[in-house]
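Using our numbering, you'd call the opening residue of the sequence shown number 3 and step up by one each time. All residues carry an ideal CB built from backbone N, CA and C; glycine is no exception. Since the structure is predicted, the reported quantities are computational estimates derived from the model, not experimental observations. Below is one structure, written out as structure tokens; the observations come after it.
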Amino acid sequence: MDNFLEQYPINTQIVVAWGEMDALQHVNNVVYFRYFETARIDFFNQINLLDELQKTAVGPVISENQARYKRPVTFPDTLTVGVSISDIKDDRFMMHYSVYSQSQQAVTTVGSSQVVMFNFKTGQKAALTPELIDALKTYEQA
Numbered sequence: 003m004d005n006f007l008e009q010y011p012i013n014t015q016i017v018v019a020w021g022e023m024d025a026l027q028h029v030n031n032v033v034y035f036r037y038f039e040t041a042r043i044d045f046f047n048q049i050n051l052l053d054e055l056q057k058t059a060v061g062p063v064i065s066e067n068q069a070r071y072k073r074p075v076t077f078p079d080t081l082t083v084g085v086s087i088s089d090i091k092d093d094r095f096m097m098h099y100s101v102y103s104q105s106q107q108a109v110t111t112v113g114s115s116q117v118v119m120f121n122f123k124t125g126q127k128a129a130l131t132p133e134l135i136d137a138l139k140t141y142e143q144a
């Protein structure tokens, strides 16, 4: 776990709820996208991206999500979702998620989201600010 936390300095703890399991007695596949969303919003808050959205009406939207399920997760468990960044472009970047199960002491799921900056006033894509690029590069992984 220590190595995981070093690799993902921004991470989010999520307690698995009984109701997230399905008829096959493991966390349902769709729930992981909620876990990713929770970690993504936590990450954005920690780098102050959502504050900028309030000031400028420019913020992140998701154009693509992906998940790979490696091991089933069951209740009870606490998950740590680590976030990293790659592929920083003028108007977009890729977020990567790694879900670590405390019960299993292993990564159970990995995923990614293509994040595009969007101007909610004009309805158009927007450029990443230099400040955002600097913040993202802090968490960039090859």
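Residue i versus the options, residue with shortest Cα-Cα distance
i	options	result
H28	N50, R36, D79, D136	D79
K123	R36, S114, L55, Q143	L55
V117	S103, I135, M97, Q126	M97
F20	I87, P11, N47, V75	Just to set this straight, residue 20 is Trp in the shown sequence, not Phe. That would be V75, whose Cα lies nearest to the Cα of W20.
L138	T14, T111, D92	D92
V32	M119, L51, A69, L52	A69
T14	N121, L81, S115	L81
S65	I49, L52, E39, S115	S115
L51	Q126, M119, K127	M119
Classification of residue i by the beta-carbon crowding that lies within 10 angstroms, buried from 16 upward
i	result
P132	exposed
L7	exposed
L130	buried
N5	exposed
A41	buried
A25	exposed
Residue i: first and last residue of the uninterrupted alpha helix (DSSP H) it sits in
i	result
E54	51-58
N5	4-9
I43	33-48
Integer Cβ distance of residue i from residue j, believed to fall under 8 Å
i	j	result
F45	V18	Not a contact, Cβ separation roughly 20 Å.
M3	F77	Incorrect: roughly 20 Å between the Cβ atoms, too far for contact.
Y37	V101	6 Å
Y71	V83	Y71 to V83, Cβ: 14 Å. No contact.
N47	G113	Contact flag wrong, Cβ pair sits at about 19 Å.
Q177	S88	Since the first residue shown for the chain is 3 and the last is 144, residue 177 is missing from the structure and cannot be characterised.
I2	I135	There is simply no residue 2 to check, as the chain begins at 3 and stops at 144 in what is shown.
Residue i, enclosing beta strand (DSSP E) - first and last residue
i	result
N13	13-17
R94	94-103
Q116	108-121
L134	Per DSSP, L134 belongs to no beta strand (DSSP E); it is in the alpha helix (DSSP H), 132-140.
L81	80-88
Cβ pair count under 8 Å reaching 3, the region 50-61 against the region 100-114: no
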